[in-house]
Amino acid sequence: MISILIPSFNNLEYLKLCINSINKNSKYKHQIIVHVNIGDDGTLDFVKLNNIDYTHTNFNSGICAGINMSAKLAKFELLLYSHDDFYFSPNWDEILLKEVKNIGHNNFYLSGIMMNEGKIKFDCGQTPDEFNEIKFLEEYKKFNFYDFQGSTWAPTLVHKSIWERVGGFSEEFFPGSGSDPDFNMKLWKIGVRIFKGLNDFKVYHFGSVVLRKKINKIIKGNKYGSKGSKIFLLKWGISIKFFKKFYLLSDTEYKAPLREPNKKLLYYVKLFICKLNYIYLRIFYSKLKIKSNSQ
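Be aware that the sequence shown starts at 60, since it is given in this note's numbering, and climbs by one per residue.
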């Protein structure tokens, strides 16, 4: 069975719908673990009243620290990272468990496909109150992508042994942007080559509500963009975009486990650009951090 890790930051109505969908649409009984950031909107009372396993901080710990805390309570060998603004489609767990069985080992990273705000556009409402559950359940199978390479987005499934080997999510990516490709890179470094998104494992996504309340810029609205992308570049020496394009082959059709990147002329041109950006950030990033902290 699966331990499902869900970080939540005062987002109770979305969380309720997410958990209800898991309970309603799962074939098997799984462990749900919620990390409650603050929770003074009723979330903390909700998980206690419903006997849901949880961890808690009285401040916003961000996605990475929250998931790392909740993972310590996991009872099962498979860990699924979920946002709290997902609605899980029927038999999602049977689809995942069948795929894990077919793989036959623990060196994998599996993910689902997001509908509405994601790869498949399918509008069934933008809030829990608006959500047309009947429409979704009747029609979601009609909308398809394909099994694809290199997903770096939730919902994602890994084996607990792999999670522990790489130390879970890297908490320097607070509040969360950049942490998924960073986790993928850590898996790549230990030899994982199956990064597979499953078309049949669908979730309805209300639109990154879990991140909307969090500041995610070095300097809000400025030209330097995402803090997470800068941390990734400084940490690994290449950009997220480069990693996804040349290593993960992101969004291409899944045909087999990945291999080492095809190092032709375009690879080296893009790598050279990454190195120039890396040098630039090494020189100027500390100044950006100081300026950001002063605002």
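Glycine included, C-beta positions come from ideal geometry on N, C-alpha and C. Remember, it's a predicted structure, so these values are computed and weren't measured experimentally.
Close beta carbons around Lys323, own chain, < 7 Å, minus the five adjacent residues each side: The residue labelled residue 323 in the question sits at position 264 within the sequence shown. Correct list: empty, nothing qualifies.
Whole-angstrom distance between Lys255 and Asn166, CA atom to CA atom: Here residue 166 is taken as the residue at index 107 of the sequence shown, counted from 1. Here residue 255 is taken as the residue at index 196 of the sequence shown, counted from 1. If you take the alpha carbons of Asn166 and Lys255, they lie about 12 Å apart.
Where Gly121 falls, given that 16 or more other Cβ within 10 Å makes a residue buried: Translated into the one-based positions of the sequence shown, residue 121 becomes position 62. When all chains shown are included, Gly121 counts as buried.
Best match in Glu319, Pro214, Lys294, Lys131 for proximity to Met174 [C-alpha to C-alpha]: As a first step, residue 174 is located in the sequence shown; it is residue number 115 there, counting from the start. Ranked by Cα distance from Met174, the first of Glu319, Pro214, Lys294, Lys131 is Pro214.
Buried or exposed by the 16-neighbour rule on C-beta atoms within 10 Å, applied to Asp104: As a first step, residue 104 is located in the sequence shown; it is residue number 45 there, counting from the start. Exposed.
C-alpha distance - Asn109 paired with His89, whole-angstrom precision: Locating residue 109 in the sequence shown gives position 50, where the first residue counts as 1. Locating residue 89 in the sequence shown gives position 30, where the first residue counts as 1. For Asn109 and His89, the distance between alpha carbons rounds to 14 Å.
Pairwise C-alpha distance: Ala315 and Asn117: Stepping through the sequence shown from its first residue, residue 117 is reached at position 58. Stepping through the sequence shown from its first residue, residue 315 is reached at position 256. If I take the Cα positions, the gap works out to 44 Å.
Buried/exposed call for Asn127, threshold 16 Cβ in 10 Å: Position 68 of the sequence shown, counting from 1, holds the residue named residue 127. By the neighbour-count rule (16 or more Cβ atoms within 10 Å), Asn127 is buried.
Alpha-carbon to alpha-carbon, Tyr306 and Leu137: As a first step, residue 137 must be located in the sequence shown, where it is residue number 78. As a first step, residue 306 must be located in the sequence shown, where it is residue number 247. Distance between the alpha carbons of Leu137 and Tyr306: 25 Å.
Inter-residue Cα distance where the pair is Lys312 and Lys200: The count along the sequence shown starts at 1 and reaches residue 312 at position 253. The count along the sequence shown starts at 1 and reaches residue 200 at position 141. It is worth fixing the name first, because residue 312 is Glu in this sequence and not Lys. Roughly 19 Å separates the two Cα atoms.
Straight-line gap, Lys178 to Ile342 (C-alpha atoms, nearest Å): Here residue 178 refers to the residue found at position 119 when the sequence shown is read from its first residue. Here residue 342 refers to the residue found at position 283 when the sequence shown is read from its first residue. Their backbone Cα atoms lie some 37 Å apart in a straight line.
Member of Ala130, Ala133, Gly171, Leu139 whose CA lies at the smallest distance from the CA of Ser148: Numbered from 1 along the sequence shown, position 89 holds the residue referred to as residue 148. Residue Gly171 is the option with its Cα nearest to Ser148.
At least three beta-carbon pairs within less than 8 Å, the stretch 64-73 to the stretch 84-102: yes
CB contact flag (Cys77, Ile61, <9 Å): In the sequence shown, the residue the question calls residue 77 occupies position 18. In the sequence shown, the residue the question calls residue 61 occupies position 2. Cβ distance not < 9 Å, so Cys77 and Ile61 don't count as in contact.
Rounded separation between Ile193 and Asn321 - CA only: Reading the sequence shown from its first residue, position 134 is the one you call residue 193. Reading the sequence shown from its first residue, position 262 is the one you call residue 321. Going by the C-alpha atoms only, they are around 46 Å apart.
Length of the line joining the Cα atoms of Leu246 and Arg224: Mapped onto the sequence shown, residue 246 falls at position 187. Mapped onto the sequence shown, residue 224 falls at position 165. Distance between the alpha carbons of Leu246 and Arg224: 9 Å.
Simplified DSSP state of Gly280, which is helix, strand or coil: Mapped onto the sequence shown, residue 280 falls at position 221. Any reading at Gly280 must be qualified, since the residue scores a pLDDT of 36, below 50, and its modelled position is unreliable; the value itself is stated next. Gly280 falls in the coil class under three-state DSSP.
Cβ-based neighbour list, Phe202, same chain, cut-off 7 Å, excluding 5 preceding and 5 following: The residue you call residue 202 lines up with position 143 of the sequence shown. So the qualifying residues of the chain are Met174, Ile179, Phe181.
C-beta contact flag for Gly287 and Ser238 at 9 Å: Translated into positions along the sequence shown, residue 287 becomes position 228. Translated into positions along the sequence shown, residue 238 becomes position 179. In contact: Gly287 and Ser238 (Cβ atoms closer than 9 Å).
Through-space distance from Ile290 to Tyr339, alpha-carbon basis: Residue mapping note: residue 339 aligns to position 280 of the sequence shown, counting from 1. Residue mapping note: residue 290 aligns to position 231 of the sequence shown, counting from 1. C-alpha separation (whole angstroms): 13 Å.
For Val251, three-class secondary structure by DSSP: Numbered from its first residue, the sequence shown carries residue 251 at position 192. Note: Val251 maps to coil in three-state DSSP.
For Thr211 and Leu270, the rounded distance between their alpha carbons: The sequence position of residue 270 within the sequence shown is 211, counting from 1. The sequence position of residue 211 within the sequence shown is 152, counting from 1. Low local confidence applies: a pLDDT of 47 at Leu270 is under 50, so the model's placement there is unreliable, with the coordinate-based value given in what follows. Going by the C-alpha atoms only, they are around 16 Å apart.
Between the CA atoms of Gly209 and Asn258 - distance to the nearest angstrom: By one-based count along the sequence shown, residue 258 stands at place 199. By one-based count along the sequence shown, residue 209 stands at place 150. Those two C-alpha atoms are separated by around 13 Å.
Where the beta strand (DSSP E) through Gly121 begins and ends: Reading the sequence shown from its first residue, position 62 is the one you call residue 121. It is not in any beta strand (DSSP E) - Gly121 instead sits in the alpha helix (DSSP H) that spans 121-130.
With 16 other Cβ atoms within 10 Å as the buried cut-off, status of Leu155: Sequence index remark: in the sequence shown, residue 155 carries index 96 (1-based). Label assigned to Leu155: buried.
Cut-off 7 Å between Cβ atoms - residues of its own chain near Asn191, not counting five sequence neighbours on either side: In the sequence shown, residue 191 corresponds to position 132, counting from 1. The residues are Cys183, Gly184.
Buried or exposed (CB count within 10 angstroms, at least 16 for buried), Ser220: Sequence index remark: in the sequence shown, residue 220 carries index 161 (1-based). Flag for Ser220 reads exposed.
Residue range of the unbroken alpha helix (DSSP H) whose run includes Phe167: The residue you call residue 167 lines up with position 108 of the sequence shown. Careful: Phe167 lies outside any alpha helix (DSSP H), inside the beta strand (DSSP E) at 167-175.
Local conformation of Gly256 per DSSP, three classes: As a working mapping, residue 256 is identified with position 197 in the sequence shown. Note: Gly256 maps to strand in three-state DSSP.
Cβ distance (whole Å) where Glu387 is taken to contact Cys123 below 8 Å: In the structure as shown, the chain begins at 60 and stops at 354. Residue 387 is therefore absent and cannot be evaluated.
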